[in-house]
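Protein chains: 2
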Amino acid sequence: MTAINASLDTHAMGSTTTTSFVESANVPGSNFPLQNLPFCVYRPCSSGVPFRIGVGIGSLLLDLRQAARIGLLQGLSAEQIEACQHSQLNSLFNLGRASMVALREHLTALLRSDSMDIETVKPLLMEQSQVEFDVPFAIGDYTDFFASVNHATNVGKMYRPDTPLLPNFKTQPLAYHGRASSVVMSGDTVVRPRGNYRDGHGGELKFGPTNRLDFEVEIGVYIGRGNPRNTSIALDEAEDHIAGVCVVNDWSARDIQSWETQPLGPFLGKNFATTVSPWVVTLDALEPYRQPAVSEAQGEAALSDYLRSPRNQVKGGLAIQIETYLQTPAMREVGAPREMITAARFDRDSFWTVGQMVAHHTVNGCNLRTGDLLASGTLSGPTERTEGCLLELTRGGTVPLTLSNGESRRFLEDGDEVTITAFCALETGERIGFGESTGRVLASTPNNLGKEQS
Amino acid sequence: MTAINASLDTHAMGSTTTTSFVESANVPGSNFPLQNLPFCVYRPCSSGVPFRIGVGIGSLLLDLRQAARIGLLQGLSAEQIEACQHSQLNSLFNLGRASMVALREHLTALLRSDSMDIETVKPLLMEQSQVEFDVPFAIGDYTDFFASVNHATNVGKMYRPDTPLLPNFKTQPLAYHGRASSVVMSGDTVVRPRGNYRDGHGGELKFGPTNRLDFEVEIGVYIGRGNPRNTSIALDEAEDHIAGVCVVNDWSARDIQSWETQPLGPFLGKNFATTVSPWVVTLDALEPYRQPAVSEAQGEAALSDYLRSPRNQVKGGLAIQIETYLQTPAMREVGAPREMITAARFDRDSFWTVGQMVAHHTVNGCNLRTGDLLASGTLSGPTERTEGCLLELTRGGTVPLTLSNGESRRFLEDGDEVTITAFCALETGERIGFGESTGRVLASTPNNLGKEQS
Numbered sequence: 102m103t104a105i106n107a108s109l110d111t112h113a114m115g116s117t118t119t120t121s122f123v124e125s126a127n128v129p130g131s132n133f134p135l136q137n138l139p140f141c142v143y144r145p146c147s148s149g150v151p152f153r154i155g156v157g158i159g160s161l162l163l164d165l166r167q168a169a170r171i172g173l174l175q176g177l178s179a180e181q182i183e184a185c186q187h188s189q190l191n192s193l194f195n196l197g198r199a200s201m202v203a204l205r206e207h208l209t210a211l212l213r214s215d216s217m218d219i220e221t222v223k224p225l226l227m228e229q230s231q232v233e234f235d236v237p238f239a240i241g242d243y244t245d246f247f248a249s250v251n252h253a254t255n256v257g258k259m260y261r262p263d264t265p266l267l268p269n270f271k272t273q274p275l276a277y278h279g280r281a282s283s284v285v286m287s288g289d290t291v292v293r294p295r296g297n298y299r300d301g302h303g304g305e306l307k308f309g310p311t312n313r314l315d316f317e318v319e320i321g322v323y324i325g326r327g328n329p330r331n332t333s334i335a336l337d338e339a340e341d342h343i344a345g346v347c348v349v350n351d352w353s354a355r356d357i358q359s360w361e362t363q364p365l366g367p368f369l370g371k372n373f374a375t376t377v378s379p380w381v382v383t384l385d386a387l388e389p390y391r392q393p394a395v396s397e398a399q400g401e402a403a404l405s406d407y408l409r410s411p412r413n414q415v416k417g418g419l420a421i422q423i424e425t426y427l428q429t430p431a432m433r434e435v436g437a438p439r440e441m442i443t444a445a446r447f448d449r450d451s452f453w454t455v456g457q458m459v460a461h462h463t464v465n466g467c468n469l470r471t472g473d474l475l476a477s478g479t480l481s482g483p484t485e486r487t488e489g490c491l492l493e494l495t496r497g498g499t500v501p502l503t504l505s506n507g508e509s510r511r512f513l514e515d516g517d518e519v520t521i522t523a524f525c526a527l528e529t530g531e532r533i534g535f536g537e538s539t540g541r542v543l544a545s546t547p548n549n550l551g552k553e554q555s
Numbered sequence: 102m103t104a105i106n107a108s109l110d111t112h113a114m115g116s117t118t119t120t121s122f123v124e125s126a127n128v129p130g131s132n133f134p135l136q137n138l139p140f141c142v143y144r145p146c147s148s149g150v151p152f153r154i155g156v157g158i159g160s161l162l163l164d165l166r167q168a169a170r171i172g173l174l175q176g177l178s179a180e181q182i183e184a185c186q187h188s189q190l191n192s193l194f195n196l197g198r199a200s201m202v203a204l205r206e207h208l209t210a211l212l213r214s215d216s217m218d219i220e221t222v223k224p225l226l227m228e229q230s231q232v233e234f235d236v237p238f239a240i241g242d243y244t245d246f247f248a249s250v251n252h253a254t255n256v257g258k259m260y261r262p263d264t265p266l267l268p269n270f271k272t273q274p275l276a277y278h279g280r281a282s283s284v285v286m287s288g289d290t291v292v293r294p295r296g297n298y299r300d301g302h303g304g305e306l307k308f309g310p311t312n313r314l315d316f317e318v319e320i321g322v323y324i325g326r327g328n329p330r331n332t333s334i335a336l337d338e339a340e341d342h343i344a345g346v347c348v349v350n351d352w353s354a355r356d357i358q359s360w361e362t363q364p365l366g367p368f369l370g371k372n373f374a375t376t377v378s379p380w381v382v383t384l385d386a387l388e389p390y391r392q393p394a395v396s397e398a399q400g401e402a403a404l405s406d407y408l409r410s411p412r413n414q415v416k417g418g419l420a421i422q423i424e425t426y427l428q429t430p431a432m433r434e435v436g437a438p439r440e441m442i443t444a445a446r447f448d449r450d451s452f453w454t455v456g457q458m459v460a461h462h463t464v465n466g467c468n469l470r471t472g473d474l475l476a477s478g479t480l481s482g483p484t485e486r487t488e489g490c491l492l493e494l495t496r497g498g499t500v501p502l503t504l505s506n507g508e509s510r511r512f513l514e515d516g517d518e519v520t521i522t523a524f525c526a527l528e529t530g531e532r533i534g535f536g537e538s539t540g541r542v543l544a545s546t547p548n549n550l551g552k553e554q555s
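Chains as they are written, first to last, in the numbering used here: chain A, 102 to 555; chain B, 102 to 555.
Take a look at the structure:
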């Protein structure tokens, strides 16, 4: 122990109880310091073995399955130790928030600079760059909210210049059900979808690959323990039902969406792909980054009781900063880095908190299940280059977005790669990173399933 | 064999190869003749044992799990025999349509009047009245279409008297994603949901139990084998991806729905409960009840190629007759039977065929998975008492529906029980029944989950 402690005097920040023996976790700007410990499911690249549960620390991740098997989780319950050996996070998070708090405390002790188990833990660590990730939960239902006033207003203006924000917006979180089957992992490709749409404003109806492919910048939360049907989750209990946070790109085909959306909302314009980041960042890790709830500070309407609480008012918001990057084929060709095209902030740009989303979702008795994904909807800020999608950034495709290499975009072109990344940061240097949601657009390739394949 | 054949001369109809040794299957009007053989998952009432797969025959059902275990399925593949022992139908139907055709042929031979295995099969038969059913598939995603011209027109009139039917309606099947978690089995109760809504037309916004609880009469299909993401299912292959048909009641809270629905469609107004019937009736059983597709006969627009085929045009429709019954608490009190309040017909009242729904759903590369539920949307006919929901039957609640006992309904009241049943019938007496979707409305009971429960 003495030798280990001595070596830690060189750590960039913090004491031996707030730093990790994994040096990359202590570097200023690290996404995965000891205070984060986000969960994922992964396997070594190209190994083809079953996915297993991991926890991020610095540039590495800890193999929870192996940790469970060699007795490193002793002291936790048999249920917890068993669930750590699954290929998805559902069983683990279904044990409830108190269970996850205990697990994170246990993992913190294992990974701290003054850990008593450093030599035992080290062989269970793997470089994140050497693994591939899977969608961390079996997602039962995916719900997409519409939580940003700026987004709702910017898009509303295109249809209703006089009343861009509908009267229901500030009375309750609006949402629709998205497609769970096509929620895919960061890195999965996105094939340009085909569909029916009007070619140009009021033009002829045609069928073909979308001409208005877009991204949508969103924050998502996974449900931890759910609720039985015909019960509701109160606002002050809502966060106990949230497993953690991820970054979401809800790809959209604006022309297909526009033609189909009345009267029942988006369908084929959205359900071809939704890309999530690999990591589940717990709310416990985000505790230092709390902010007041916008709805309670700025809402004009008197909210229904189930959407209000003193706790939510003071600290319902999460100060998550979100950056979106574009890399075009031309950039890749010359080795140019991706270019940041927009940046938003969750606590500022979402009218509703994650707690309010959960409370609203269940107020009618709807049951949530472990692993359900609730996304915020497009997060747009109030100023230029804070809009969360090209539809807004280019004013409906009328004002092209100019890139630094001279290229421009109205909507996404084949080969474009969109990366959304997020972090929380304090002026004192503390930081929690969320990792990335990235996806590259492939050209549309008609691929009907033939009899031989079905 | 001789003795058995002799006893069959008394059968009401058919020869020994088209009748069953289960006498109730041969009675005129039976829902479950030998030609049906619908699938379900069930267990003996109050037994608490795991659900198992069954096949309906007359008033009985055959225990497929036990049939597999005692060797009665010999001749089928090991995969089929294994999947017959599961607690849900997903693995079995994931084997594909050809596999299901072979299984049904095998079961037909077992259950025929001239079966060689009557004495072995008999102990595996159980009265349907002695069992409880579960939702037959693990439903990954539930999609609700909007396929009835009459429904779209009737409801559209309430909002847009001049243009009730939107211009996109006849160009492609419209749909939205519903909630999979709250798809429940026939017989499960429906608690009146709470939510925000305007009290009366343009009245003040309030929170409380819905005042406009409604049913929606729908036909659903479960997906058999799915398709990988980024592939499409061609119209002429679509039915090979359909496991079978069920009856659906998509309960709706019209006031909650009305307040939330713009701009993203229904959410809390629908996702508290969707009640399905226990049985999965295969398309093979429905072959004699084929009808032309309405969209190809009556459509004005030139449909995109992926929505047209000669086969669909001639026989894409399914002549399923649907009857909806209401039983009020007052009727129950005096032992009065339920009263039929409306009747529709799927082939006539759905503009789109089930094949077109599948083709459209996947034309953008969206992946369907085994067990996904696609429902038709409310099926309304062109005349009085063929409308598929109270919103239409009572003209938005303005003209109460009068019942034969003198009661009336604008919307559903606590204690009301709604039963939807369906069948196909030929003039020659052949008939296929679908069973029932039934649910009783319970009073709203605020039931927030407390910490101790979560």
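Glycine included, every Cβ here is placed at the ideal spot set by N, Cα and C.
Inter-residue Cα distance where the pair is residue i and residue j
| i | j | result |
| --- | --- | --- |
| Asn372(B) | Asp289(B) | 15 Å |
| Met458(B) | Val346(B) | 13 Å |
| Glu434(A) | Leu427(A) | 14 Å |
| Ile219(A) | Leu208(A) | 12 Å |
| Thr120(B) | Pro134(B) | 7 Å |
| Met102(B) | Leu211(B) | Only weak support is given to the placement of Met102(B): the predicted model assigns it a pLDDT of 33, under 50, and the value that follows is read from those uncertain coordinates. Going from the Cα of Met102(B) to the Cα of Leu211(B) covers about 13 Å. |
| Leu408(B) | Pro274(B) | 9 Å |
| Leu492(B) | Arg511(B) | 8 Å |
| His342(A) | Glu361(B) | 24 Å |
| Ala335(B) | Arg261(B) | 35 Å |
| Arg144(A) | Gln167(A) | 12 Å |
| Arg313(A) | Arg293(A) | 10 Å |
| Asp517(B) | Arg541(B) | 6 Å |
| Glu514(B) | Asp315(B) | 9 Å |
| Asp406(B) | Leu161(A) | 51 Å |
| Pro329(A) | Glu340(A) | 16 Å |
| Gly327(B) | Gly370(B) | 29 Å |
| Ile357(A) | Tyr298(A) | 5 Å |
For residue i: DSSP bridge partner residues
| i | result |
| --- | --- |
| Ser121(B) | Arg213(B) |
| Leu163(A) | Val156(A), Leu226(A) |
| Arg391(B) | Leu419(B) |
| Arg144(B) | Glu233(B) |
| Ser538(B) | Ile521(B) |
| Ser353(B) | Asp315(B) |
| Gly325(B) | According to DSSP, Gly325(B) bridges with nothing at all. |
Beta-carbon proximity list for residue i, same chain, < 8 Å, skipping 5 on both sides
| i | result |
| --- | --- |
| Thr221(A) | Ile171, Leu173 |
| Asn106(B) | Low confidence applies here, because Asn106(B) scores a pLDDT of 39, under 50, leaving its location unreliable and the question unanswered by this model. |
| Leu494(A) | Ile442, Thr443, Arg486, Glu488, Leu502 |
Extent of the continuous alpha helix (DSSP H) run through residue i
| i | result |
| --- | --- |
| Leu336(A) | 336 to 339 |
Residue i beta carbon near the ligand FMN (any heavy atom closer than 7 Å)
| i | result |
| --- | --- |
| Gly279(A) | The ligand FMN is not part of this structure, which contains no ligands at all. |
Neighbour list for residue i in chain B, Cβ cutoff strictly below 9 Å
| i | result |
| --- | --- |
| Thr343(A) | One detail in the question is off: residue 343(A) reads as Ile in this sequence, not Thr. Chain B residues near Ile343(A): none, gap ~11 Å exceeds 9 Å. |
| Leu314(A) | Simply none; closest approach about 11 Å. |
7 Å Cβ cut-off: residues of chain A touching residue i
| i | result |
| --- | --- |
| Phe308(B) | Ser405 |
| Thr272(B) | Asn297, Leu306 |
Within chain B, the residues that residue i reaches when beta carbons sit closer than 7 Å
| i | result |
| --- | --- |
| Val292(A) | Asn331, Gly466 |
9 Å Cβ cut-off: residues of chain A touching residue i
| i | result |
| --- | --- |
| Ile357(B) | Asn465 |
Proximal residues to residue i (C-beta, below 7 Å), its chain only, five neighbours per side dropped
| i | result |
| --- | --- |
| Ala104(B) | Note that Ala104(B) scores 37 on pLDDT, short of 50, meaning its location in the model is unreliable and no value can be drawn from it. |
| Gly551(A) | Per-residue confidence for Gly551(A) stands at a pLDDT of 46, beneath the threshold of 50, marking its modelled position as unreliable; the derived number appears in the next sentence. Excluding positions up to five away in sequence, the list is empty. |
| Val284(B) | Val236, Ile240, Tyr243, Thr375, Val377, Leu474 |
| Thr546(A) | Val292 |
Range of the contiguous beta strand (DSSP E) that encloses residue i
| i | result |
| --- | --- |
| Gly343(A) | Residue identity differs from the one stated: residue 343(A) is Ile in this sequence, not Gly. Ile343(A) -> beta strand (DSSP E) spans 343 to 350. |
6 Å CB neighbourhood of residue i in its chain, flanking five on each side removed
| i | result |
| --- | --- |
| Ser108(A) | Residue placement at Ser108(A) is poorly supported in this model, since its pLDDT is 39, which falls under 50; the coordinates still yield a value, given next. If we look at Ser108(A) and ignore the five residues flanking it on each side, it has no Cβ neighbours. |
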